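**Q** Would you mind keeping the following structure in view while I ask a few things?
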Amino acid sequence: MDAVAFHLSPPVKDAVCKQNITTALVPVGCTGMLQPLDTAVNKLIKDWIRELILDYELEQERKGKTRWSVSDRRIMTTWVIARAFERLKTKKDLIEKAFLDVGITVRPDGSQDNHIRIKGIDEIDFTGWETASEITIKSEELVSRLCDEEELSFGPEDELDEDILIYSLKKMTIPQLKQLASRNSLTVKGRKDDIVEQLQQYYAKERSQNDCITVQTDVEEDVFTVD
């Protein structure tokens with residue numbers, strides 16, 4: 001489970017307990033390394049969705065369709081998501097491996113610890129885990145799902161989500177925003193909302209002229225990089 005407040009609420013804890021489920025919290029900032037959806041499923045699903053959208057649009061064009069309404073897009077989205085999910089259900093081995101790789105479904109006796117594969121960690125040593133002190137997550141360390149994302153990348157084939165961009169900028173402090181604006185030769189005067197608006201316009205413009213924007217929401221320095 002993510003270390004977010006709504007996951008740790010009493011109703012959720014009670015519901016999980018009634019299902020005889022042993023819970024474990026993903027440490028703050030580690031979702032991308034320890035959550036199966038992030039490590040194995042999300043990218044695959046997105047690739048399938050892109051492929052299915054292209055196939056759907058080409059088929060509709062062959063039928064003479066030239067204009068798309070909001071309703072048409074909604075129908076396409078429903079169809080595409082359903083097909084992608086059906087395809088995912090056939091990948092049982094991939095799903096099982098994803099849970100094994102991050103250590104969720106390994107045997108508790110340690111005999112399968114060698115199967116654990118964590119991104120960025122070449123060798124994992126669990127020696128002494130029995131005597132390790134209990135880790136307590138303080139309430140002030142709990143973060144939202146978006147803030148727990150270490151990196152949000154918008155490549156040439158992705159749409160820049162302005163809502164995420166604005167949200168990420170607003171999560172920054174005024175000194176951070178001023179530093180970021182100064183780096184990009186923008187004025188640092190005015191209210192926080194004024195600086196956010198300037199940066200939003202700047203990155204939207206840069207996205208149209210460059211290949212990629214990387215948004216890092218958990219790093220104070222170099223929060224936004226335009227490649």
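Numbering of the sequence shown is given in the UniProt record's numbering, commencing with residue 1 and proceeding in unit increments. Each residue gets a CB set at the ideal place from its N, CA and C atoms; glycine is no exception. Since this is a predicted model, take the numbers as computed values, not measurements.
Hey, L180 and K192 are a contact pair by Cβ (cut 8 Å); roughly how many whole angstroms apart?
**A** That belief does not hold up - the Cβ atoms of L180 and K192 are roughly 12 Å apart, past 8 Å.
**Q** By how many angstroms is the C-alpha of T187 removed from the C-alpha of R117?
**A** 46 Å
**Q** Does any CB atom of chain B fall closer than 8 Å to the CB of A98?
**A** As a matter of chain content, chain B is missing from the structure shown, which is built from one protein chain.
**Q** What is the rounded straight-line gap between the Cα of W68 and the Cα of S185?
**A** 40 Å
**Q** To which residues of the same chain is L37 closer than 6 Å at the C-beta, ignoring the five residues directly before and after it?
**A** none
**Q** Identify, in the order they occur along the chain, each residue of the same chain with its Cβ nearer than 6 Å to the Cβ of G103, setting aside the five sequence neighbours on each side.
**A** I116
**Q** Which residue from M1, A98, I195 puts its Cα closest to that of V28?
**A** M1
**Q** Let's test the definition: count the other Cβ atoms within 10 Å of the Cβ of Q19 and tell me whether it reaches 16, buried, or not, exposed.
**A** exposed
**Q** Take S111 as the anchor and find which of L94, K119, L100 has the nearest alpha-carbon.
**A** L100
**Q** Note down, in chain order, each residue of its chain lying with its Cβ closer than 6 Å to the Cβ of I195, except the 5 sequence neighbours on either side.
**A** L177, A181
**Q** So, at 7 Å on beta carbons, what are the nonlocal neighbours of V106 in its own chain, with the 5 sequence-adjacent residues on each side left out?
**A** L100, Q112, D113, H115, I116
**Q** Check V196 in the structure and name its three-state DSSP category.
**A** helix
**Q** If you draw a straight line from the alpha carbon of E149 to that of I49, how long is it in whole angstroms?
**A** In this prediction, E149 scores a pLDDT of 39, lower than 50, which makes its location untrustworthy; the coordinate-derived value is nonetheless stated afterwards. When rounded, the distance between both Cα atoms is 21 Å.
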